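Taken in sequence, the protein lines are chains A and B.
The first sequence begins at 8 in our numbering and counts up by one.
The second sequence begins at 2 in our numbering and counts up by one.
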Amino acid sequence: AQSVTQLDSQVPVFEEAPVELRCNYSSSVSVYLFWYVQYPNQGLQLLLKYLSGSTLVESINGFEAEFNKSQTSFHLRKPSVHISDTAEYFCAVSDPSESNDMRFGAGTRLTVKP
Amino acid sequence: DGGITQSPKYLFRKEGQNVTLSCEQNLNHDAMYWYRQDPGQGLRLIYYSQIVNDFQKGDIAEGYSVSREKKESFPLTVTSAQKNPTAFYLCATKTAANIQYFGAGTRLSVL
C-alpha cells in the first residue's frame, strides 16, 4: 500500500510571501496525487489533482503542484499567500488499481500572518 | 443543491451508548467511504462501500459498523465497543476517475 509523508507539520509565513508545502510518497508504478484543504470544523475540499498528463497542475486560487516521479514528490507551492490561505493542507495518493487505497498525509498547518 | 450531507454536525455519546452518523449523497457515486480524523494523524479509513449491499473494513473498523441499503446513504454506527470515539468523522464519495469528495463532517464527543 502507498504511504504519504508531509515533511512539515506547521508552516508559518507572512502575508504575500511565497510558500512550499512538501509531500513525498512511496514509490509505485502509477499513482494519482491530490492536495486537499481543510478549514476549521469543515470537510476536505479538493485543491488540485494529478491523474496524468502535464506534471504541473494548478488550482483556481493560485496554488500549483508538480509531480516529480524520480523524487516521488508532489510539493504544493504558491508565490504569494493571503491571510485567507490559513488552513490545514493534506496530501493524498491513490493507486488507480485499488478501490480503497487512498492514503493521506498527516497534514500541514499553514498559518499566514499579517 | 448537489453534494454530500453529513448529520448531525455535533454529536455527544454517553458511555455504553451506540450512536449513528448519517451520510447522504445525491452525486450518483457508487463508492462511499468513512474516515476518522484525529489531530496530527491525518485521515484513517474505517469502512468503505463500492456498491449497494456491499462494504469492506478499512484500517480501523473495530468498534464501528455500517450499512449500505441505498446508493444514496451510508450510515456509520459507533458502538459501545469503541472505547475512544472522540474524533471528527468524515464521509466521502468517489468518482469514476478516483477523485474523492467530502462532506462537512460530524464531530463526536463523549459525555
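All C-beta atoms, glycine included, are put in the ideal place defined by N, C-alpha and C.
These numbers were taken from a predicted model, which means no experiment stands behind them.
Would you please verify whether the beta carbon of L22(B) is less than 9 Å from any beta carbon of chain A? In the second sequence, counting from the first residue as 1, residue 22(B) sits at position 21. Judged by the 9 Å Cβ criterion, L22(B) is not in contact with chain A.
Express the C-alpha separation of K71(B) and L77(B) in angstroms, rounding to a whole number. One-based indexing of the second sequence puts residue 77(B) at position 76. One-based indexing of the second sequence puts residue 71(B) at position 70. In this structure, the alpha-carbon of L77(B) lies about 14 Å from that of K71(B).
Close Cβ partners of K56(A) (< 6 Å) along its chain, the five nearest in sequence each way excluded: Within the first sequence, numbered from 1, the residue matching residue 56(A) stands at position 49. For K56(A), where only same-chain residues beyond five positions count, the Cβ hits under 6 Å are F41.
Thinking C-alpha only, which one of F56(B), T80(B) and L46(B) is nearest L22(B)? To locate residue 22(B), count along the second sequence from 1; it is residue 21. Comparing C-alpha distances from L22(B) to each of F56(B), T80(B) and L46(B) shows the shortest one belongs to T80(B).
Distance, Cα to Cα, A105(B) vs Y34(B)? The residue labelled residue 105(B) in the question sits at position 104 within the second sequence. The residue labelled residue 34(B) in the question sits at position 33 within the second sequence. When rounded, the distance between both Cα atoms is 13 Å.
Assign D60(B) to one of two classes, buried (16 or more other C-beta atoms within 10 Å of its C-beta) or exposed (fewer than that). Start at 1 with the first residue of the second sequence, and residue 60(B) comes out as number 59. Label assigned to D60(B): exposed.
To be precise: take each residue of the region 91–116 of chain A, compare its Cβ to all Cβ atoms of chain B, and keep it if any distance is under 7 Å. Which residues remain? With the criterion set as a beta carbon lying under 7 Å from some beta carbon of chain B, the members of the region 91–116 of chain A are F97, S101, P103, S106, N107, M109, F111, G112, A113 and G114, in sequence order.
What is the rounded straight-line gap between the Cα of Q18(B) and the Cα of V111(B)? On the second sequence, residue 18(B) is found 17 positions in, with the first residue counted as 1. On the second sequence, residue 111(B) is found 110 positions in, with the first residue counted as 1. Taken atom to atom, the span from the alpha-carbon of Q18(B) to that of V111(B) is near 10 Å.
Specify the secondary structure class of I67(A) as computed by DSSP and reduced to three states. On the first sequence, residue 67(A) is found 60 positions in, with the first residue counted as 1. Residue state, collapsed to three classes: coil.
Give the residues from the region 29–58 of chain A that approach chain B closer than 8 Å (Cβ to any Cβ), ordered along the chain. Cβ contacts with chain B come from Y39, F41, Y43, N48, Q49, G50, L51, Q52, L53, K56 and L58.
Measure the alpha-carbon distance for Q57(B) versus L91(B) and round it to whole angstroms. Counting from 1 along the second sequence, the entry for residue 57(B) is found at position 56. Counting from 1 along the second sequence, the entry for residue 91(B) is found at position 90. Going from the Cα of Q57(B) to the Cα of L91(B) covers about 17 Å.
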